[in-house]
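Here the sequence shown stands for residues 2 to 242, where the numbers follow my numbering. Glycine included, each C-beta is placed from N, C-alpha and C at the ideal position. Computed from a predicted model, the values in this text were never measured in an experiment.
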Amino acid sequence: MNNLVSVVRLSTSEFHSAVYSLSPSVAVFDCDGTLWSGDAGSGFMRWTVETGLVSREATDWIDARYRGYLKGDVSEVAICGEMVQMYQRLREDEMRRAAKTFFASQVEHNIFPEMKELVDELRKKGVDIWAVSSTNNWVIEEGVKRFGIPPERVLAASVLVKDGVVTDVIRDVPTDGGKVAALAREGVTTADAVFGNSVHDAAMLEIARQAFPVNPTPALAERSVQKGWPVYYPASAQTPK
């Protein structure tokens with residue numbers, strides 16, 4: 002007998018209805034892969050190298066560290082922090098200008114319309130919305146402007162900025178259990194609906210009254226079967242056969 006249980010896949014109308022039926026007060030969203038396709042964090046890293054924003058020394062250092070990450074020698078939390086530290090000694094206003102140009106030219110066209118519609122509707126209903134990401138805060142704060150999410154509701158990888166200059170002192174790197182910890186520091190210990198796309202969002206999905214994996218990676222899709230979480234694939238996402 003085959004005891005395997007397949008994942009439940011929601012259509013767009015089923016997905017939106019399932020969220021609205023919760024009458025949520027608090028909703029939490031991962032960003033890369035959830036609100037838009039792709040990894041804006043690594044994309045921004047490559048873009049700033051290609052455009053010459055960072056020094057050759059910083060470029061060589063982060064390249065070696067990222068190669069180590071891809072081989073499994075550098076942890077997720079370490080590389081996410083280092084991808085913000087690499088901008089030390091640059092001015093924050095310069096970083097915000099770069100993030101604005103990068104998102105508009107490289108990421109904006111990858112926004113999932115279905116997710117924007119959902120967030121817009123939740124905002125109209127007065128839902129308290131949080132964006133939580135291990136990508137740097139400059140890119141995330143810029144990106145979620147499109148969703149009407151204010152910077153004070155963004156928890157992202159960040160470093161201390163002193164006198165307008167970026168330092169290498171880590172403030173936060175929300176990934177895995179760190180996403181739950183970041184929310185807890187803001188007084189959010191549970192949420193009605195949580196949305197994420199990777200296994201690094203699993204701990205955050207666990208605190209939800211209802212978890213919604215969106216465009217899940219294979220590891221998260223497998224976890225979704227185990228947990229009985231329904232999954233949703235936006236139309237523009239590559240869905241498994």
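Return helix, strand or coil for residue i, following the three-state DSSP convention.
i    : result
S114 : The displayed chain sequence assigns Pro, not Ser, to residue 114. It is helical.
I208 : coil
W230 : coil
E223 : helix
I150 : coil
T102 : helix
D129 : strand
V181 : helix
V189 : coil
A203 : helix
A238 : coil
L123 : helix
M84  : helix
Assuming residue i and residue j are in contact, meaning their beta carbons sit under 8 Å apart, how far apart are those beta carbons, in whole angstroms?
i    : j    : result
T136 : G42  : 4 Å
L244 : Q211 : Lying before the first or after the last residue shown, residue 244 is absent from the chain, which here runs from 2 to 242.
L119 : V20  : 6 Å
S26  : V128 : 6 Å
M46  : M84  : 5 Å
S134 : D33  : 6 Å
V155 : L161 : 16 Å between Cβ atoms; not a contact.
E93  : G178 : E93 to G178, Cβ: 28 Å. No contact.
Could you tell me which residues DSSP pairs with residue i in its beta bridges?
i    : result
I276 : Within the shown structure, residues of the chain are numbered from 2 to 242, placing residue 276 beyond reach of any answer.
L11  : Y233
R92  : V166
P217 : Per DSSP, none; premise fails for P217.
F16  : F16 pairs with nothing; no bridge assigned.
W139 : According to DSSP, which records beta bridges pairwise, W139 is partnered with nothing at all.
H33  : Looking at the sequence provided, one finds Asp at residue 33 rather than His. Note: D33 sits in a beta bridge opposite W37.
G197 : P214
A28  : I130, A194
V155 : A132
Within this structure, are the beta carbons of residue i and residue j separated by less than 9 Å?
i    : j    : result
V29  : A132 : yes
Q227 : V167 : no
A203 : L184 : no
S237 : N111 : yes
T176 : E15  : no
V174 : N198 : no
G44  : Q107 : yes
V232 : M205 : no
V97  : E143 : A small correction: the amino acid at residue 97 is Arg; Val does not occupy that position in the sequence shown. Going by C-beta atoms, R97 is nearer than 9 Å to E143.
F148 : S38  : no
A192 : V140 : no
L91  : V50  : no
I80  : R57  : no
How about residue i: is its Cβ closer than 8 Å to a heavy atom in the ligand SAH?
i    : result
T218 : Absent from the structure shown: the ligand SAH. Ligands present: none.
Runs of alpha helix (DSSP H) wholly within the region 46–75 (minimum 4 residues, chain order):
Listed in chain order, the complete alpha helix (DSSP H) runs (minimum 4 residues) inside the region 46–75 are 57–72.
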